[in-house]
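Residues in the sequence shown are numbered from 12 upward in steps of one, following the working numbering. For every residue, glycine included, the Cβ atom is placed at its ideal position computed from N, Cα and C.
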Amino acid sequence: MAFVLSDKFKALVNTPFLLLLCFFFTVHIRSPTTSVHVTRTQALPGCPGLHKLKDNHSECLYVNYLHLYYCLFGSHPPLACALLALWLLVLFYLLGNTASQYLCFSVENLSRVLNFSPVVAGATLLSLGNGSPDVLAGVVSFSFGSGELGLRSVLGGTFFVSCVVIGAINLGSPSSSRSVRIDKSTFVRDVCSFIVVLSSLLVILLVGRITIWGAMVFACLHLVYASLLLYLIDMPLDLPRMITIPDVSEQRWSGMYAVSSATLAPIFVTALCSSKRRGIGSHDAEELVGMLESLDYILAVNPAILGLTVLAWGNSIGDLMSNVAMAMSGGRDGAQVAISGCNAGPIFNTVAGLGLSHVVPAWALHPDSSVIPVGTAVLEILGFMSGGSLWALVTLARKDMKLERVVGVGMLLIDLCFLSLRLSQSLGLVA
């Protein structure tokens with residue numbers, strides 16, 4: 012089910028990757044250790060001006076891209092831009108190909124071992140795996156003080172998955188899949204859950220501020236969705252005891268619950284005691300965000316466009332590859348897994364990416380509330396996302412829940428209209 016590359020193409024990609032890796036490793040050794048953060052109001056007259064900056068608010072991690080552009084390639088800006096663009100493609104390729112080539116098989120095997128239905132597998136395993144880059148990028152952006160970039164990147168990735176990926180599945184599915192019907196009740200439940208999440212986010216954005224309790228409640232919405240999905244809502248009294256108290260009865264013995272009872276309490280206490288500690292395993296996302304912020308300044312790109320396009324699309328390449336591969340090669344179950352993942356993924360990205368991103372700053376300001384950067388672009392993307400979800404719901408229902416090209420074309424047109432509107436506003440063509 013994965014997107015498999017030929018040996019020649021692998022060699023074509025791996026060779027420049029190794030060369031770029033060696034080059035950036037050398038640059039990392041030669042780059043100054045002082046972190047650099049620039050804003051639009053700061054002038055940057057070449058390499059000397061770069062060294063005079065003293066703002067350490069954010070950092071370039073393994074590679075100082077501004078040092079590379081202004082100091083190492085100061086006299087050859089086109090070469091520096093080409094090199095950075097190639098490195099950006101390599102980073103996105105690694106994220107996307109890893110998700111497609113490894114995640115698909117892992118989801119298939121795990122769902123078989125755990126005896127998950129296609130709906131549960133797509134809404135849990137596939138969405139969690141694909142959504143990790145988006146969530147990490149959002150959390151890192153907010154941690155670095157780039158709240159505007161983080162908010163738009165998470166929402167942009169969510170919009171990409173909910174519109175473009177679902178549209179690509181409908182357009183790219185083989186003709187044999189046209190007779191496959193998506194489970195109607197599951198699709199309606201997922202779309203309604205997504206609209207509830209968007210409505211909750213809209214309320215938070217209209218208020219403009221959020222407290223620690225509001226951030227925690229919003230972050231827990233995905234747990235509510237997962238509980239509904241796995242029918243755990245019917246046992247609210249049994250579940251806490253099952254995961255905290257080992258049951259020694261031979262008839263009811265469960266190794267999973269026995270392990271959870273011994274591990275959940277220490278993990279919970281550790282999480283509470285180390286809430287201000289930086290996340291583990293977020294270095295790749297930090298590198299990507301650091302590079303994009305450098306390109307944002309070098310190319311003088313509007314952060315709104317950068318978050319809604321490059322960062323959102325790049326982090327969602329894995330969703331596109333893996334979900335389309337699932338739908339094209341997995342038959343009826345594969346199509347159901349892909350569609351469920353496209354609906355559950357945006358829920359996870361929005362709730363976890365934005366909820367967790369606001370927990371830490373809200374915790375630091377408690378009992379005061381933290382300010383959320385809100386603009387017309389955020390409200391517009393919420394409206395377009397809701398419209399895309401309703402379009403898919405109505406058209407699939409009219410087509411007897413079959414994958415149809417008209418659904419895919421409509422979803423892609425909605426995304427195109429949104430991007431055209433944002434580009435026109437950024438260029439001053441539309442007020």
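Beta carbon of N360 nearer than 8 angstroms to that of T169
Residue numbering aside, residue 360 sits at position 349 when the sequence shown is read from its first letter. Residue numbering aside, residue 169 sits at position 158 when the sequence shown is read from its first letter. Contact: yes.
Using the three-state DSSP reduction, which class does V362 fall into: helix, strand or coil?
Taking the first residue of the sequence shown as position 1, residue 362 is located at position 351. In the structure shown, V362 sits in a helix (DSSP, three-state: H, G or I).
If you check the beta carbons only, do G356 and A230 fall under 8 angstroms apart?
Within the sequence shown, residue 356 is the residue found at index 345, counting from 1. Within the sequence shown, residue 230 is the residue found at index 219, counting from 1. Contact: no.
Quick check: I193 and L407, are their CB atoms within less than 8 angstroms of each other?
To locate residue 193, count along the sequence shown from 1; it is residue 182. To locate residue 407, count along the sequence shown from 1; it is residue 396. Contact: yes.
Do you know offhand how far C428's Cα is from E415's?
In the sequence shown, the residue the question calls residue 428 occupies position 417. In the sequence shown, the residue the question calls residue 415 occupies position 404. Near 21 angstroms, if we compare the C-alpha coordinates of E415 and C428.
Can you tell me the Cα-Cα spacing of D330 and V172, whole angstroms?
As a working note, residue 330 is residue 319 in the sequence shown. As a working note, residue 172 is residue 161 in the sequence shown. Roughly 7 angstroms separates the two Cα atoms.
L90 versus Y81: straight-line alpha-carbon distance, rounded
The residue labelled residue 90 in the question sits at position 79 within the sequence shown. The residue labelled residue 81 in the question sits at position 70 within the sequence shown. Each residue's Cα considered, the two are about 12 angstroms apart.
How about I180 and I350: do their beta carbons lie closer than 8 angstroms?
Position 169 of the sequence shown, counting from 1, holds the residue named residue 180. Position 339 of the sequence shown, counting from 1, holds the residue named residue 350. Yes, these two residues count as a Cβ contact at 8 angstroms.
Beta-carbon within less than 6 angstroms of P372's beta-carbon, same chain only, minus the 5 sequence neighbours each way: which residues are those?
By 1-based counting over the sequence shown, the position of residue 372 is 361. The answer, listed in chain order, is S381.
What do you get for G419, buried or exposed, if any count of 16 or more other CB atoms within 10 angstroms of its CB means buried?
Counted from its first residue, the sequence shown places residue 419 at position 408. G419 is buried by the Cβ-count criterion.
State the DSSP-derived secondary structure class of K413, mapped to helix, strand or coil.
Here the question's residue 413 lines up with position 402 in the sequence shown. Correct three-state label for K413: strand.
Looking at the unbroken alpha helix (DSSP H) that takes in T197, where does it start and where does it end?
Within the sequence shown, the letter at position 186 stands for residue 197. First-last of the alpha helix (DSSP H) with T197: K195 to V218.
For A96, count neighbouring C-beta atoms within 10 Å of its own C-beta (all shown protein chains included) and say buried if the count is 16 or more, exposed if not.
Mapped onto the sequence shown, residue 96 falls at position 85. The residue is exposed, with fewer than 16 neighbouring Cβ atoms inside 10 Å.
Which residues DSSP lists as bridging V382, in chain order:
Translated into positions along the sequence shown, residue 382 becomes position 371. The partner list for V382 (beta bridge, DSSP) reads R220.
If the criterion is Cβ atoms closer than 8 angstroms, does the pair G386 and W402 meet it?
Numbered from 1 along the sequence shown, position 375 holds the residue referred to as residue 386. Numbered from 1 along the sequence shown, position 391 holds the residue referred to as residue 402. In this structure, W402 does not lie closer than 8 angstroms to G386 by Cβ.
Are the beta-carbon atoms belonging to I221 and I383 less than 8 angstroms from one another?
One-based indexing of the sequence shown puts residue 221 at position 210. One-based indexing of the sequence shown puts residue 383 at position 372. A contact, by the Cβ cut-off of 8 angstroms.
For L443 and F395, what's the separation of their Cα atoms in angstroms?
Absent from the structure is residue 443, since the part of the chain shown begins at 12 and ends at 442.
Mind checking whether L216 and V362 have CB atoms under 8 angstroms apart?
Indexing the sequence shown from 1 puts residue 216 at position 205. Indexing the sequence shown from 1 puts residue 362 at position 351. Going by C-beta atoms, L216 is not nearer than 8 angstroms to V362.
Residue of L77, V228 and V176 minimising C-alpha distance to V370
For the purposes of this step, residue 370 is taken as the residue at position 359 of the sequence shown. Comparing Cα positions, the closest option is V228.
Distance between C174 and Q347 (C-alpha atoms, nearest Å):
On the sequence shown, position 336 is the one that residue 347 refers to. On the sequence shown, position 163 is the one that residue 174 refers to. The straight-line gap from Cα to Cα measures roughly 16 angstroms.
Should L77 go down as buried or exposed, given a rule of 16 or more other Cβ atoms within 10 Å for buried?
Taking the sequence shown and counting its residues from 1, the one referred to as residue 77 is at position 66. By the neighbour-count rule (16 or more Cβ atoms within 10 Å), L77 is buried.
Nonlocal neighbours in the same chain, by C-beta distance under 7 angstroms from A411, ignoring five residues either side:
Residue numbering aside, residue 411 sits at position 400 when the sequence shown is read from its first letter. Note that residue 411 corresponds to Asp in the displayed sequence, not to Ala. For D411, where only same-chain residues beyond five positions count, the Cβ hits under 7 angstroms are R192.
Using a threshold of 8 angstroms, state whether the C-beta atoms of S333 and L209 are closer than that.
Counting from 1 along the sequence shown, the entry for residue 333 is found at position 322. Counting from 1 along the sequence shown, the entry for residue 209 is found at position 198. Cβ distance not < 8 angstroms, so S333 and L209 don't count as in contact.
Measuring straight from C-alpha to C-alpha, what distance separates Q436 and V124?
As a first step, residue 436 is located in the sequence shown; it is residue number 425 there, counting from the start. As a first step, residue 124 is located in the sequence shown; it is residue number 113 there, counting from the start. Distance between the alpha carbons of Q436 and V124: 50 angstroms.
Between C92 and L100, what straight-line distance do the alpha-carbon atoms span, to the nearest angstrom?
As a working mapping, residue 92 is identified with position 81 in the sequence shown. As a working mapping, residue 100 is identified with position 89 in the sequence shown. For C92 and L100, the distance between alpha carbons rounds to 12 angstroms.
How would you call V335, buried or exposed, if buried means at least 16 neighbouring beta carbons within 10 angstroms?
Locating residue 335 in the sequence shown gives position 324, where the first residue counts as 1. Buried, since its Cβ has 16 or more Cβ neighbours within 10 Å.
Just the C-alpha distance for V389 and V176, rounded to the nearest angstrom, thanks.
Stepping through the sequence shown from its first residue, residue 389 is reached at position 378. Stepping through the sequence shown from its first residue, residue 176 is reached at position 165. Rounded to whole angstroms, V389 and V176 show a C-alpha spacing of 20 angstroms.
Taking only the alpha-carbon atoms, compute the straight-line gap between S400 and R163 and give it to the nearest angstrom.
In the sequence shown, residue 400 corresponds to position 389, counting from 1. In the sequence shown, residue 163 corresponds to position 152, counting from 1. Rounded to the nearest angstrom, the two C-alpha atoms are 19 angstroms apart.
So, using beta-carbon positions, are V199 and L430 closer together than 8 angstroms?
Here residue 199 refers to the residue found at position 188 of the sequence shown. Here residue 430 refers to the residue found at position 419 of the sequence shown. For V199 and L430, no; Cβs fall outside 8 angstroms.
Let me check understanding here. Comparing Cα to Cα, which of G219, R409, L213 and T197 lies closest to Y236?
Taking the sequence shown and counting its residues from 1, the one referred to as residue 236 is at position 225. Comparing Cα positions, the closest option is T197.
Beta-carbon gap between S204 and I358 smaller than 8 angstroms
Position 193 of the sequence shown holds residue 204. Position 347 of the sequence shown holds residue 358. Yes, they are a contact pair.
Pick out whichever of W98, S86, L79 and G225 has its Cα sitting closest to the Cα of W374.
Taking the sequence shown and counting its residues from 1, the one referred to as residue 374 is at position 363. Comparing Cα positions, the closest option is G225.
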